[in-house]
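Some notes on the structure that comes next.
Numbering (this note's numbering), first residue to last: 460 to 595.
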């Protein structure tokens with residue numbers, strides 16, 4: 460069984476990862492940790508290349524921290540970074556890796572970003588190719 464865990468560095472995604480580790484141990488599953496560099500945010504303050512590089516570095520740190528957490532819990536995992544629309548990339552990866560479950564936090568980004576992007580968990584609940592578990 461493959462479980463996809465989208466991470467964004469928030470305490471909610473960290474909590475989702477802890478639940479995913481427990482489930483992976485109980486069901487002998489493989490975790491796929493995903494960070495998506497969101498490319499559709501309006502950028503005024505920084506050069507777009509600079510901004511994306513900052514997001515890539517942050518995403519790499521988030522994924523390494525997530526990988527370390529899975530190792531501590533004795534769970535097999537893979538880390539993947541994608542770029543594009545967060546929801547679309549999660550759905551594509553879930554289909555490509557034949558994921559049985561997506562586990563994610565109920566909240567992530569601040570209110571301003573959510574206003575522009577809409578709730579990732581809400582969009583996934585309506586469009587996911589597999590079951591999802593939203594952790595509060």
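Where is the CB? At the ideal position from N, CA and C, for every residue including glycine. Bear in mind that the values here come from a model prediction, so they are computed numbers and not experimental data.
Sequence-distant Cβ neighbours of residue 498 in its own chain, meaning closer than 8 Å and more than five residues away, are 511, 542, 543 and 544. Setting aside the 5 residues that flank it on each side, residue 494 is surrounded in the same chain by 466, 518, 521, 522 and 540, each with a C-beta closer than 6 Å to its C-beta; the list follows chain order.
Counting C-beta pairs with one atom in each stretch, the region 585–594 and the region 543–562 have three or more that are closer than 8 Å, which means they touch. In the same chain as residue 476, and ignoring 5 residues on each side of it, the C-beta atoms closer than 7 Å to its own belong to 464, 466, 525 and 528, in chain order. Assignment of residue 590 by DSSP, reduced to helix, strand and coil, places it in the strand class. The secondary-structure analysis by DSSP pairs residue 494 across a beta bridge with 540. Beta-bridge analysis with DSSP links residue 563 to 593.
Around the beta carbon of residue 584, fewer than 16 other beta carbons lie within 10 angstroms, which makes this residue exposed. When only Cα atoms are considered, residue 471 and residue 594 end up about 7 Å apart.
Around the beta carbon of residue 530, fewer than 16 other beta carbons lie within 10 angstroms, which makes this residue exposed. Of the candidates 532, 558, 496 and 537, 496 places its Cα closest to the Cα of residue 515. In the DSSP assignment, no residue is bridged to residue 478. Residue 483 and residue 538 have their C-alpha atoms roughly 15 Å apart.
In the displayed model, residue 579 falls within a helix according to three-state DSSP.
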